[in-house]
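Here's the structure, in structure tokens; my notes come after.
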């Protein structure tokens, strides 16, 4: 089923990405539990991002792309309540809506590498 902009799950992800984006500029209290969970796991999430996109240091990644990546990595590696393909598809859609010209392909490649690495990891 294709997600529409009115899909509640898609809208919820938009809210999360916007809060994570805002977090990169101001340290405000967050109401969203997923945002709180991401921020409490930020070190491990950013470590994964560094592994899957080593040519892009965290501080050089576009802040919108970084927020989308953090949500995607969190959903794939920690939350695990949605199929990985759905998570990647949603992240790519968010990148098309909120990111720059190359955001969607960057997000798709990075999260795709994460999933591939996880499939090749016998301990995961």
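In the working numbering, the protein residues as written are 18 to 141. Each residue gets a CB set at the ideal place from its N, CA and C atoms; glycine is no exception. From a predicted model like this one, the values you see are computed outputs, not experimental measurements.
- So what does DSSP say about residue 24, is it helix, strand or coil? coil
- Item | residue 142 versus residue 37 - alpha carbon distance | This structure does not reach residue 142, given that the chain is present from 18 up to 141, and the question cannot be answered.
- Query: Excluding sequence positions up to five away, which residues of its chain have a Cβ less than 7 Å from the Cβ of residue 65?
  - Reply: 90, 94, 131
- Tell me whether residue 18 sits in a helix, a strand or coil according to DSSP, three-state version. Because residue 18 carries a pLDDT of 47, less than 50, the predicted location of this residue cannot be relied on, and the following value inherits that uncertainty. Coil at residue 18, not helix or strand.
- Message: Let's test the definition: count the other Cβ atoms within 10 Å of the Cβ of residue 87 and tell me whether it reaches 16, buried, or not, exposed.
- Response: buried
- CA-CA distance, residue 92 and residue 98? 7 Å
- Query: Closest by CA to residue 81, which one among 133, 75, 112, 29?
  - Reply: 112
- Message: Tell me the rounded alpha-carbon separation between residue 126 and residue 73.
- Response: Approximately 13 Å between the Cα atoms of the pair.
- Message: Quick check for students: name the residue ranges of the alpha helix (DSSP H) that lie wholly in the segment 85-141, counting only runs of 4 or more.
- Response: Entirely contained in the segment 85-141, the alpha helix (DSSP H) runs reaching 4 residues are, in chain order, 101-115, 120-137.
- For residue 117, which residues from the same chain have a beta carbon less than 7 Å from its beta carbon, with the 5 sequence-adjacent residues on both sides left out? 79
- residue 106 versus residue 122: straight-line alpha-carbon distance, rounded: 11 Å
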